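Here is the structure we will look at, set down as structure tokens.
What follows is the structure, given as structure tokens:
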């Protein structure tokens, strides 16, 4: 036990840096992950995957594989037919959206390299793998379309039957919505007497790269079919299984046991889950499938992958007058469960913390013959934040003021909350000035600027750059009515129940499904304070549709701000249900009872009864009010009225070696306002991990397909994940303006670090070499790209532009959508 | 990540290992520390029928002094080589390179000879052994032969070791008192080098008397930057003199192009890294 845990009883649980309850079992591995579930007679699956990005399947010869040692069955899409169900798109962003049918295992044509064409069932995983190599598939290779700018031309089609690669076009316009002015007018005016900044940015494709590969076990031997899956969304998976296979939802039980990370990558209804479900039911035997890391990288959904064409107009003094966003977003081969909606989540965030008077967001989603894309930590908001925060730096450079000054000039001041933005959201609370002041102080901003000047003046080989990201985001997904207005296929509520056990302990059931976040600890702290019971006496149950029968799972930084509020309300109901019982037992009037620290006290006396004693009395039911229902258990379903808006100021100092292009982080500080904090230690973990993930997009990670659609970065040799050796210790702090839309005043923190950090890093890299003529470096900022940017022709330096196109993307006059622009970045 | 089935042999003498190799021929693969072979097997990029493990042959481990050379047993783990005082005293360049080789876990499992026999052009040991003029002792059923480093590395993943032979030890001529530095350029710490430069110099007063420079990942094999070596001899150990010599680092090199950089970028890098490596080596 730590000193912290020996603190006095009276201390509130909320705000304590409790060590996580779940960590002993997670760290030692003495727990159940999906892959170590073993059932009697269980069979093992191996998938046969297409090596081609686009091919017709002329035939599949399974005979040799079927005859191999201990092989029970070899099945194709044709064999499974309708029993395999379908992978659903739950968010068609427009009524006209072009959505290719997505069978878990197609039998006629594959649309990306890694797609499953057959499944081998054997008595051991090794035998299944051996036999999978014996399946002979007759492929007729078809032209593959890779890359947004190729796909948008509609010359080569990802799905020839659809006639186009364009899936959906989605627009928000502030003039049409009545939330602001006409953006084109603002831009035209600025062309005459103001400043227009036009840039094109690439959001490279990323791979979620969770620690635990995906795994699924299906047990069809009982009345219900039980599915264990390493998923973020057991409830949504159950719905999708029932809706697409015809098996009644009541006959399906989905369990997400301990799950080793997701980052959005396990927010999916996967082909592998559907195939395992169908095979298990067909054979009547338990089956297991666990992917290899190679399979995970090629077939688990990817994230990001956008081209962003951005036009910002301002007055000469830097006051922004309009912002126009034109996106191309790569869906990959299919429209994933919320794949089309991910870029749309960015629609409300490109205006960020600023008072832009006119705004327009346009997004064209595009199909390609690559791995499908969907949510990845931040989902739409990191892309938006990157776009606007890079543009604010470019505006500052154009106007000739410090990049923090341009932000202050345009941001919403704290007196203006609640503030309705040009994108139509109402920000309930925040104080950008306070978070920024604290971050600047921690960073030593002025001293670093002075050092930067010294290095520039001296012409040092290693230059210093400072990068800013003053971000906000919308999380706590989500108000159901808003989701309905966006044509999302479900609501955004969350459910919780509180069970008061006879022995004095408390069972809390939540519909949010932890996959590493620390729900068990944080929710225990909330309930301990609310009900006045010891932290250790609270048990949090989740992730099993039979226990947590109702829920919408975990993503979008929603568990605390939505699920936590449901829990608060359920706990409050427990108190209210217990009150008449307490009054009855104490022979007092309910009006005279005060509930405080777990006890009902008769005001002005020493008479009282503990809540857990009332629970025991309710269990015995010997002495309750006449006609009373003998239970004080309660449940609540909470539907938020608004999103939740954490914000913060992130400051990054990067050193750039101008001889090699190598970049090195010197310092990173951030001050985030995430409202009231339940557990500072968990928050710190979310911040540090989130920061690294965002920094990794800026510097290291990129999923690359070659022209044929093969994933080149198909292992961790080529898909560069950082380790602790590549980062430094970040300095984090918080200012607090409580959220007004939940009882605890909390804001989400799961995605904040990832959303904020990417532009801070790139801004710092560009700032370090801006005096050398550099105005952009494409992510990830590899040494080669940085060096090439510095040494591009016309910059007064030696060295040829070896990979100029990679380092310096500019407006392509032929690119859609929207009009072409004239001023290229870094020209 | 399940390898195809294979038989496993663990001989305890070099003679037994050679006999096993002779018996199984093409179907056999030798495993040393397994840090390169195991991923290959698990990804099913290779499926030998027999794997012959050299891990139980005690005579292949350890470092010894042999007059004008030190001798490093092929199965000596990197971590042992990296902390060996004989190596540090007489072949400091190897000590410096091992410091940067992969990560601590791999340095404890992987072996000096295994890495060299694997002959990955991005491997960290080729350039230093080449620069130091090491000799490779290769055993066959008919006896041992010695191959100079310049002839050992033949091509991408290809060495002078015959199919029926085993690398047993590496003899490194003593470079006692030479300054050494391994300048490795990576994007993340655990990565193979994009380019690395192994430099060792004998300084006489303020003058570079002799220099030996090896390049990693600048071609299909480790390369000796002989033009630079020649240009450095007799030059002062100053930035200007070393810069001028290092400008020739990529002469004759044929580096690869990949996600981490195009060939031209690697050529440029090699000149910068060579200058830094030589200056660091000369500075102590």
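Residue numbers (the numbering used here), protein chains in the order written: chain A, 97 to 923; chain B, 80 to 363. Positions of the beta carbon are idealized from the N, C-alpha and C atoms, including for glycine. Keep in mind the model is a prediction, meaning the values are calculated, not measured.
### Message
Between the alpha carbons of residue 898 of chain A and residue 884 of chain A, how many angstroms are there, rounded?
### Response
Along the first chain, read from residue 1 onward, the residue named residue 898 of chain A stands at position 802. Along the first chain, read from residue 1 onward, the residue named residue 884 of chain A stands at position 788. In this predicted model, residue 898 of chain A has a pLDDT of only 34, less than 50, meaning its place in the structure is not dependable; the value taken from the coordinates is given anyway. Each residue's Cα considered, the two are about 7 Å apart.
### Anticipated Cβ contact below 8 Å, residue 465 of chain A with residue 572 of chain A, distance rounded
Here residue 465 of chain A corresponds to residue number 369 of the first chain, with the count starting at 1. Here residue 572 of chain A corresponds to residue number 476 of the first chain, with the count starting at 1. So it is not a contact: roughly 36 Å between Cβ atoms.
### Task
Consult DSSP for residue 279 of chain B and reduce its assignment to one of helix, strand or coil.
Residue mapping note: residue 279 of chain B aligns to position 200 of the second chain, counting from 1. In the structure shown, residue 279 of chain B sits in a strand (DSSP, three-state: E or B).
### Query
Do three or more CB pairs link the stretch 751-769 of chain A to the stretch 854-867 of chain A at distances below 8 Å?
yes
#### Entry: First through last residue of the alpha helix (DSSP H) which encompasses residue 534 of chain A
For the purposes of this step, residue 534 of chain A is taken as the residue at position 438 of the first chain. Per DSSP, residue 534 of chain A belongs to the alpha helix (DSSP H) from 528-539.
### Query
Roughly how many whole angstroms lie between the Cα atoms of residue 371 of chain A and residue 180 of chain A?
The residue given as residue 371 of chain A occupies position 275 in the first chain. The residue given as residue 180 of chain A occupies position 84 in the first chain. The straight-line gap from Cα to Cα measures roughly 6 Å.
### Query
Contact between the stretch 400-415 of chain A and the stretch 144-161 of chain A: three or more CB pairs below 8 Å?
no
### Task
Could you pull the start and end residues of the alpha helix (DSSP H) that residue 439 of chain A belongs to?
Position 343 of the first chain, counted from the start, is the residue given in the question as residue 439 of chain A. Element bounds for residue 439 of chain A: 437-441.
### Query
What's the C-alpha gap between residue 674 of chain A and residue 689 of chain A?
The sequence position of residue 674 of chain A within the first chain is 578, counting from 1. The sequence position of residue 689 of chain A within the first chain is 593, counting from 1. In a straight line, the C-alpha of residue 674 of chain A is about 11 Å away from that of residue 689 of chain A.
### Task
May I ask you to report which of helix, strand or coil DSSP gives residue 764 of chain A?
Along the first chain, read from residue 1 onward, the residue named residue 764 of chain A stands at position 668. Three-state result, residue 764 of chain A: strand.
### Query
From residue 919 of chain A to residue 283 of chain A, what distance separates their C-alpha atoms?
One-based indexing of the first chain puts residue 919 of chain A at position 823. One-based indexing of the first chain puts residue 283 of chain A at position 187. Confidence is the limiting factor: at residue 919 of chain A the pLDDT is only 34, short of 50, which leaves the residue's position unreliable, though a coordinate-based value still follows. Residue 919 of chain A and residue 283 of chain A have their alpha carbons spaced roughly 13 Å apart.
### Task
Take residue 347 of chain A and list the residues in its own chain whose beta-carbon comes closer than 6 Å to its own, dropping the five residues that flank it on each side.
To locate residue 347 of chain A, count along the first chain from 1; it is residue 251. Counting only Cβ-Cβ distances below 6 Å, and skipping sequence neighbours, we find 320.
### Query
residue 391 of chain A to residue 210 of chain A, Cα distance in whole Å?
What you label residue 391 of chain A is simply residue 295 of the first chain in a count that begins at 1. What you label residue 210 of chain A is simply residue 114 of the first chain in a count that begins at 1. Whole-angstrom Cα-Cα distance: 7 Å.
### Query
In its own chain, which residues sit with a C-beta less than 8 Å from the C-beta of residue 742 of chain A, not counting the 5 before and 5 after it?
Position 646 of the first chain, counted from the first residue, corresponds to residue 742 of chain A. Correct list, in chain order: 568, 569, 571, 653, 768, 769, 770, 771, 843, 844, 845 and 848.
#### Entry: The alpha helix (DSSP H) enclosing residue 786 of chain A, as first and last residue numbers
Looking up residue 786 of chain A in the first chain gives position 690. Element bounds for residue 786 of chain A: 776-795.
### Query
For the stretch 245-273 of chain B, which residues have a beta carbon sitting closer than 8 Å to at least one beta carbon of chain A?
264, 266, 267, 268, 269, 270, 271 and 273
### Task
State the DSSP-derived secondary structure class of residue 822 of chain A, mapped to helix, strand or coil.
Position 726 of the first chain, counting from 1, holds the residue named residue 822 of chain A. Helix, per DSSP.
### Query
Are the C-beta atoms of residue 347 of chain B and some chain A residue less than 9 Å apart?
Within the second chain, the letter at position 268 stands for residue 347 of chain B. Taking Cβ atoms only, chain A reaches closer than 9 Å to residue 347 of chain B, which makes this a yes.
### Query
Counting only beta-carbon atoms, is residue 114 of chain A nearer than 9 Å to chain B?
The residue you call residue 114 of chain A lines up with position 18 of the first chain. No - not a single Cβ of chain B is within 9 Å of the one on residue 114 of chain A.
### Query
At a cut of 8 Å, does the stretch 304-320 of chain B reach the stretch 219-233 of chain B through at least three beta carbon pairs?
no
### Task
Would you identify the three-state DSSP class for residue 344 of chain B, choosing helix, strand or coil?
The residue given as residue 344 of chain B occupies position 265 in the second chain. Correct three-state label for residue 344 of chain B: helix.
### Reduced DSSP category for residue 474 of chain A - H, G, I as helix; E, B as strand; rest coil
Residue numbering aside, residue 474 of chain A sits at position 378 when the first chain is read from its first letter. DSSP places residue 474 of chain A in coil when its eight states are reduced to three.
### Task
Rounded to whole angstroms, what's the CA-CA distance from residue 908 of chain A to residue 860 of chain A? Just pull it up for me.
Within the first chain, residue 908 of chain A is the residue found at index 812, counting from 1. Within the first chain, residue 860 of chain A is the residue found at index 764, counting from 1. Any reading at residue 908 of chain A needs caution, since the residue's pLDDT is 44, under 50, leaving its predicted position unreliable; the model's value is listed next. For residue 908 of chain A and residue 860 of chain A, the distance between alpha carbons rounds to 26 Å.
### Query
Is residue 291 of chain A near the ligand GDP, in the sense that its beta carbon is under 8 Å from a heavy atom of that ligand?
Absent from the structure shown: the ligand GDP. Ligands present: none.
#### Entry: Which listed residue (A:782, A:300 and A:309) has its alpha carbon closest to that of residue 469 of chain A
Counted from its first residue, the first chain places residue 469 of chain A at position 373. Out of A:782, A:300 and A:309, A:300 has the C-alpha closest to the C-alpha of residue 469 of chain A.
### One or two residues paired with residue 260 of chain B in a DSSP bridge
Position 181 of the second chain holds residue 260 of chain B. Beta-bridge analysis with DSSP links residue 260 of chain B to B:278.
### Message
Which of the three DSSP states is assigned to residue 629 of chain A in this structure?
### Response
Counted from its first residue, the first chain places residue 629 of chain A at position 533. In the structure shown, residue 629 of chain A sits in coil (DSSP, three-state: anything other than H, G, I, E or B).
### Query
Using a beta-carbon distance below 9 Å, is residue 333 of chain A in contact with chain B?
Residue 333 of chain A sits at position 237 when you count from the first residue of the first chain. No - not a single Cβ of chain B is within 9 Å of the one on residue 333 of chain A.
### Query
If you measure from the beta carbon of residue 83 of chain B to each beta carbon in chain A, is any gap under 9 Å?
For this step, residue 83 of chain B is matched to residue 4 along the second chain. Judged by the 9 Å Cβ criterion, residue 83 of chain B is in contact with chain A.
### Query
Do we get a CB-CB distance below 9 Å when we pair residue 816 of chain A with the residues of chain B?
As a working mapping, residue 816 of chain A is identified with position 720 in the first chain. Yes - at least one Cβ of chain B is within 9 Å of the one on residue 816 of chain A.
### Query
Are residue 799 of chain A and residue 467 of chain A closer than 9 Å when you measure CB to CB?
In the first chain, residue 799 of chain A corresponds to position 703, counting from 1. In the first chain, residue 467 of chain A corresponds to position 371, counting from 1. Against a cut-off of 9 Å, the Cβ pair of residue 467 of chain A and residue 799 of chain A comes out as a contact.
### Minimum Cβ-Cβ distance from residue 795 of chain A to chain B less than 9 Å
Stepping through the first chain from its first residue, residue 795 of chain A is reached at position 699. Closer than 9 Å: yes.
### Query
With a cut-off of 8 Å, do at least 3 Cβ pairs link the stretch 187-199 of chain A to the stretch 241-253 of chain A?
With a cut-off of 8 Å on Cβ pairs, the stretch 187-199 of chain A is not in contact with the stretch 241-253 of chain A, counting fewer than three such pairs.
### Query
Should residue 420 of chain A go down as buried or exposed, given a rule of 16 or more other Cβ atoms within 10 Å for buried?
What you label residue 420 of chain A is simply residue 324 of the first chain in a count that begins at 1. Counting Cβ neighbours within 10 Å, residue 420 of chain A comes out buried, since at least 16 surround it.
### Buried or exposed (CB count within 10 angstroms, at least 16 for buried), residue 747 of chain A
Here residue 747 of chain A refers to the residue found at position 651 when the first chain is read from its first residue. Residue 747 of chain A should be labelled buried.
### Message
Bridge partners for residue 138 of chain A per DSSP, in chain order?
### Response
Translated into the one-based positions of the first chain, residue 138 of chain A becomes position 42. Paired residues: none, contrary to the question.
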